[in-house]
Amino acid sequence: MSIAIALDGPAGAGKSSIAKRVAKALDYIYVDTGALYRAIGLAASRRGVEPAPSPEVDALLGSITVDLAFNESGEQVVLLDGEDVSGEIRTPEASMTASKISAVPAVRAYLLDLQRSMAKTHNVIMDGRDIGTVVLPDAQVKIFLTASPEARAERRCKELLEKGMDVNYEDVLRDVITRDYNDSHREIAPLKPAEDSVTVDTTELDFEQSVEAIISVIKEHL
Ligand code: DC
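Printed below as a string of structure tokens:
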């Protein structure tokens, strides 16, 4: 049987960079479920479809393919209709659209099977918002990774500036708080710790300390 590690938590807690490193250390596959929601958000933006429940979103879902794959450098990429959109889905606008479209029940249903099928065939560390509560309720290890909104905004801001984007701390902090609110107040699969999850707070931890904390939780539980 394959092993699943669910890593949930709010935007900017460091889930993806930590999960990538942990996956490498354990030889698991890292699955970035946020990238799937982002790709659907991008598809909606490109076609001028509002990120809200509607027949247009249903039609959109029926006419696109979304998948995760690996490029020649071994990096995970997200494919929208076969096109690598990994760069395009990382802008602040794409983050906000992803957060809105992820509240649409049809979108969550569409991605559920895809996420579960990835965990059936591989040992995975899967990062998202509802992995431990909805997608993989039987995951052997469930971690809720969090940090203060200010610490998360600071890290996100640094990341975006390093990518050459024109952002400032106040805007990023406001976006973090808005996304937290959207993600944890939606009716379907809201962001919340699974009852049997272990919470790790990285506000006072640097990257290496966070990786160590996660690996030790995993070792304790496997
Ligand atoms: O992890 P991320 O910031 O790339 O995710 C983008 C958005 O997708 C986020 O605001 C909430 C949504 N999301 C979700 O609802 N469920 C998941 N499992 C992963 C992401």
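Reading the sequence shown from the start, the letters are residues 10 to 231 in my numbering.
We put the beta carbon where it would ideally sit given N, CA and C, even for glycine.
Since we're looking at a predicted model, the values are computed, not measured.
Assign residue i to one of two classes, buried (16 or more other C-beta atoms within 10 Å of its C-beta) or exposed (fewer than that).
{"i": "L169", "result": "buried"}
{"i": "T155", "result": "buried"}
{"i": "F216", "result": "exposed"}
{"i": "Y190", "result": "exposed"}
{"i": "I110", "result": "buried"}
{"i": "D122", "result": "exposed"}
Is the CB-CB distance between residue i and residue j below 8 Å?
{"i": "G23", "j": "S157", "result": "no"}
{"i": "L16", "j": "D136", "result": "yes"}
{"i": "T74", "j": "D90", "result": "yes"}
{"i": "A128", "j": "S11", "result": "yes"}
{"i": "R138", "j": "L200", "result": "yes"}
{"i": "A112", "j": "R195", "result": "yes"}
Can you tell me which of the options puts its alpha carbon nearest to the alpha carbon of residue i?
{"i": "I224", "options": "L88, A160, P202, D36", "result": "D36"}
{"i": "K29", "options": "A112, I186, V86", "result": "V86"}
{"i": "P202", "options": "K151, T212, D175, T211", "result": "K151"}
{"i": "S54", "options": "T142, I140, S108, I27", "result": "S108"}
{"i": "V226", "options": "S26, S11, S111, Q149", "result": "Q149"}
{"i": "G57", "options": "I186, T106, E221", "result": "T106"}
{"i": "V66", "options": "H230, V116, L123", "result": "V116"}
{"i": "F79", "options": "V40, L123, A61", "result": "V40"}
Hey, is residue i close to the ligand DC, as in C-beta under 7 Å from one of its heavy atoms?
{"i": "I140", "result": "yes"}
{"i": "D184", "result": "no"}
{"i": "A107", "result": "yes"}
{"i": "D192", "result": "yes"}
{"i": "A53", "result": "no"}
{"i": "A44", "result": "yes"}
{"i": "S26", "result": "no"}
{"i": "R188", "result": "yes"}
Using the Cα positions of residue i and residue j, report the straight-line distance between them to the nearest angstrom.
{"i": "A160", "j": "Y119", "result": "33 Å"}
{"i": "P146", "j": "S206", "result": "10 Å"}
{"i": "V2", "j": "R188", "result": "In this structure the chain extends from 10 to 231, so residue 2 is not present and cannot be described."}
Taking Cβ positions only, does residue i come closer than 8 Å to chain C?
{"i": "E204", "result": "The chain inventory of the structure shown lacks chain C, comprising one protein chain alone."}
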